[in-house]
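Undergrad: In this note's numbering, the protein residues as written are 12 to 234.
Where is the CB? At the ideal position from N, CA and C, for every residue including glycine.
Since we're looking at a predicted model, the values are computed, not measured.
1. Identify whether residue 123 lies in helix, strand or coil by the three-state DSSP scheme.
2. Taking only runs that begin and end inside the segment 181-231, name each unbroken alpha helix (DSSP H) of 4 or more residues, in chain order.
3. Could you tell me whether the Cβ atoms of residue 198 and residue 185 are closer together than 8 Å?
4. What do you reckon, are the CB atoms on residue 156 and residue 144 nearer than 8 Å?
5. Ordered along the chain, which non-local residues of its own chain (more than five positions away) have a Cβ less than 8 Å from that of residue 53?
6. What is the C-beta distance between residue 91 and residue 65, in whole angstroms, given that I count them as a contact (C-beta under 8 Å)?
7. Roughly how many angstroms separate the alpha carbons of residue 103 and residue 33, rounded to a whole number?
8. Residue ranges of each alpha helix (DSSP H) run of no fewer than 4 residues wholly in the segment 21-65, ordered along the chain?
9. Using the C-alpha atoms, what's the distance from residue 30 back to residue 44?
10. Rounding to the nearest angstrom, what Cα-Cα distance links residue 58 and residue 125 in this structure?
11. Just how far apart, CA to CA, sit residue 79 and residue 85?
12. Go ahead and label residue 115 buried or exposed: buried means 16 or more other beta carbons lie within 10 angstroms of its beta carbon, across all protein chains shown.
13. Whose CA, out of 154, 50, 113 and 191, lies closest to the CA of residue 210?
14. According to DSSP, is residue 79 part of a helix, a strand, or is it coil?
15. Do you know offhand how far residue 221's Cα is from residue 158's?
16. Tell me the DSSP secondary structure of residue 145 in three-state form.
17. Excluding the 5 residues flanking residue 133 on each side, which residues of the same chain have their C-beta closer than 7 Å to its C-beta?
18. Which parts of the segment 85-136 are runs of the alpha helix (DSSP H), unbroken and 4 residues or longer, counting only runs that do not cross its ends?
19. Based on DSSP bridge pairs, tell me the residues matched to residue 176.
20. Quick check on DSSP: helix, strand or coil for residue 234?
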């Protein structure tokens, strides 16, 4: 019911905007369905995170469950403030995707670049960011994705750049969630690049997201 109601209410109507193409509901290999179901997940998360519970119960099948198959969960005190949930979620998703790209996932290997030490040059870091984008393209997530307009300081320790990703499988979702000012946006490319920068001991000093009907454009700076 939730998916159906979101589908009907999505401006201007998710089905209508792609006619005569048909969305193959339930088929994650269909980019149109993937875009919508990813949007749906993040739309729900964005609405629920501000009301996150400190203690809750969930079904489980491990040794520490009670006889009814229920486990009581208490949130880590370090993230007791619900305002901390969106950035923590963003980081964890990025970390998990990056780990899969580097270590492999479900018998698939992606040959993602390993982390670099903090002593590595900003130029090397940017080069590896492009390699990560190349994986998104080679796996069909985007038609094209490039690091552009790179500016590196004289010591090669800081950099600013743009990422332009065309025809991404989450383009509509990113645009819709951004327009609705959702606290979480399903910009998987940004999540992975941010995770890689953290992995390399770098700090993102600025980030901005823009979009058109055909591409996502991100502006970055790190040190």
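TA: Short version:
1. coil
2. 182-190 and 199-210
3. yes
4. yes
5. 184, 188, 193, 195, 196 and 197
6. 6 Å
7. 33 Å
8. 25-28 and 42-59
9. 14 Å
10. 35 Å
11. 18 Å
12. exposed
13. 113
14. coil
15. 15 Å
16. helix
17. 163, 167, 168, 169 and 170
18. 96-114
19. 156 and 227
20. coil
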